[in-house]
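Numbering (the working numbering), first residue to last: 10 to 199. Just so it is clear, CB atoms sit at the ideal spot from N, CA and C, and this is done for glycine as well. Shown next, in structure tokens, is the structure this report addresses.
Here's what the structure looks like:
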């Protein structure tokens, strides 16, 4: 067998040369993540144009966030908040190291990623809350509620842009495809 045949995809030599992979993101985390992406995009695109669908999508997002909070307390190892919430000082140091492309690699969420999870959950919770408020008799037509809802949507879009930039940067810095990891649930062990 030639050297080229020995390292062809699927051969024993090919499998031996690949880095060890570990399960990181459980099915719930992956389904939550991509469902939230889809529902948020749908809600943003429907806005005032398709009110019933927009409201139903908002309820779905609220349910997703509530389930994720529970999973963050009682779920799998890498899904639990206790395993990826760091102090502001640690997050700041990580961001400085990232700026110089010397950040430590984490199997689960890194400190910036953990902070982003919290920021996105809080921002989306605010969107859902103000969206719900706008459907009630007490807050229907109240300008500040509508303005707060819209402002939180655009702030969340800013967070999403930062999140995507962080994923790209970390993927390049650590030479791993984090998007694929959020699809397969697996990352390099080392």
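Same chain only: Cβ atoms within 8 Å of residue 41, ignoring 5 sequence neighbours per side: Sequence index remark: in the chain shown, residue 41 carries index 32 (1-based). If we look at residue 41 and ignore the five residues flanking it on each side, its Cβ neighbours are 73, 76, 77 and 80.
Terminal residues of the continuous alpha helix (DSSP H) containing residue 195? As a position in the chain shown, residue 195 is number 186, starting the count at 1. First-last for residue 195: 195-197, but that is the beta strand (DSSP E), not the alpha helix (DSSP H).
Take residue 139 and list the residues in its own chain whose beta-carbon comes closer than 7 Å to its own, dropping the five residues that flank it on each side. Sequence index remark: in the chain shown, residue 139 carries index 130 (1-based). Once the five neighbours on either side are set aside, the close Cβ partners of residue 139 are 154, 157, 158 and 161.
Is it the case that the Cβ atoms of residue 187 and residue 198 are separated by a distance below 8 Å? For this step, residue 187 is matched to residue 178 along the chain shown. For this step, residue 198 is matched to residue 189 along the chain shown. Cβ distance not < 8 Å, so residue 187 and residue 198 don't count as in contact.
Tell me the residue span of the beta strand (DSSP E) that contains residue 30. Residue mapping note: residue 30 aligns to position 21 of the chain shown, counting from 1. Segment 30-32, the beta strand (DSSP E) holding residue 30.
Residue range of the alpha helix (DSSP H) that includes residue 141: Here residue 141 corresponds to residue number 132 of the chain shown, with the count starting at 1. That run of the alpha helix (DSSP H) goes 120-142.
Mind pulling the beta strand (DSSP E) runs of 3 or more residues that sit fully within the region 43-96? none
Where do the N-terminal and C-terminal ends of the alpha helix (DSSP H) with residue 175 fall, by residue? Position 166 of the chain shown holds residue 175. Element bounds for residue 175: 152-183.
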